[in-house]
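Using my numbering, the letters of the sequence shown correspond one by one to residues 2 to 214. The structure appears below as C-alpha cells.
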Amino acid sequence: MKDTLKHQGLRNQLAKVVAEKGITDKNVLAAIAKIPRHLFLDSSFEDFAYQDKAFPILADQTISQPYTVAFQSQLLEIQAGQKVLEIGTGSGYQTAMLLELKAEVYTIERQNELFKKTKLFLPKLGYRPKYMSFGDGYKGLPEYAPFDKIIVTAGAPYVPKALLAQLNIGGVLVIPVGDTTQIMHIYKRTGVKSFEKQELGECKFVPMLEKKN
Ligand code: SAH
C-alpha cells in the first residue's frame, strides 16, 4: 500500500490525458489526480496503473478505463450530498470517484470474491460508501430508493425497469446499453412516468450479468 511522489506525478499526467480527451469537469479531473489507482490493481499491473486503459481484476472482471470513469462521472453532474447508486462495484475505483465527488454512495456487486475484497479495501484508503451490497444490480436497491443518480458500470443488454423506477424526479441514470459493444445512454426522469433519453457514443464494458454464479 505504498503511494509515492512518482505515483502522484503519473496521476497528474493521467488527469492531463483525460482532459485532452475531452473531460472538462474540474472535480472529476481533480479526483483522477488524487485516487491512487495503482492500489486498486494487482501489484503485477502497478507499472501500468496510470495508463488510460482497462485492466483485469478478480473474477474475470475489469477496472474501467480512467477516461470512461471520468466520462460517466461527468455525465452524472453530481452535487455534494446527492444519493448515488452504482451497479458493478468491481475494484471500487469508480466508487472512490463518486466519494471524491462527495456523493452518498450505495453500490452493488454480484461477484462475491470481488465484493468481499473491495469492501475490506476501500475503508483502508478512507473511502466509505454508505452501503455496499452483494446482490443483483438488475433489481437496484429498492429499500434505499429513490436515488438522485444511478450509474451502471457494466454493459446492459437492456435498461432494467427497476433502475428507472428508483430514480428521483429529476434524477439521472447513466447506462451503457448493448451486447459486445454498447452505446452510452442517459435517462432523465422528468415526471412520475416520463423520461428523457439521450444517446451518446460507443463504449465497451464487461457484461451486466443476470444470473448469480
Ligand atoms: N466500476 C468498476 C467496473 C468493474 S467491471 C471498476 O472501475 O472497477 C463491471 C462490474 O460489474 C464487475 O465487477 C461485475 O462483476 C459487475 N456486475 C456485472 N453484472 C452485475 C449485476 N447484475 N449486478 C451487480 N454487479 C454486476
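Even for Gly, the Cβ is constructed at its ideal location relative to N, Cα and C.
- In this chain, the beta strand (DSSP E) harbouring Glu203 covers 196-204.
- Judged by DSSP in its simplified three-state form, Glu78 adopts coil rather than helix or strand.
- Distance from the CA atom of Met185 to the CA atom of Val178, rounded to whole angstroms, is 6 angstroms.
- Residues of the same chain with a CB within less than 7 angstroms of the CB of Lys140, apart from the 5 flanking positions on each side, are Ala163 in chain order.
- By the Cβ-count criterion, Glu203 is exposed, with fewer than 16 other Cβ atoms from all chains shown falling within 10 Å of its own Cβ.
- Counting the other Cβ atoms within 10 Å of the Cβ of Ile152 gives 16 or more, which makes it buried.
- For Ala97, the closest alpha carbon among the candidates Ile79, Leu121, Arg129 is that of Arg129.
- The beta carbons of Gly136 and Ile176 sit no closer together than 9 angstroms.
- Pairing Val173 with Glu78 gives a Cβ-Cβ distance under 9 angstroms.
- It is roughly 7 angstroms from the alpha-carbon of Phe72 to the alpha-carbon of Ile24.
- Straight-line measurement puts the Cα of Gly138 at about 37 angstroms from the Cα of Leu6.
- Proximity of the beta carbon of Ala104 to the ligand SAH is not indicated: no heavy atom of the ligand is located closer than 8 angstroms.
- By the criterion of a C-beta distance shorter than 6 angstroms, Tyr68 is surrounded in its chain by Val19, Lys22, Asp53, once the five residues flanking it on both sides are discounted.
- Less than 9 angstroms divides the Cβ of Asp149 from the Cβ of Lys84.
- When the alpha-carbon of Asn169 is set against those of Tyr145, Gln183, Ala155, the nearest one is in Tyr145.
- Bounds of any alpha helix (DSSP H) do not take in Arg38, whose DSSP letter is neither H nor E.
- The three-state reading of DSSP puts Ser134 in strand, counting E and B together.
- Bounds of any alpha helix (DSSP H) do not take in Arg190; it lies within the beta strand (DSSP E) bounded by 183-190.
- Restricting attention to Gly91, Ser74, Arg111, the CA atom closest to the CA of Pro57 is found in Gly91.
- Residue state for Glu144 is assigned as helix, using DSSP reduced to three classes.
- When DSSP reads this structure, Val18 sits in no beta bridge, so it has no partner.
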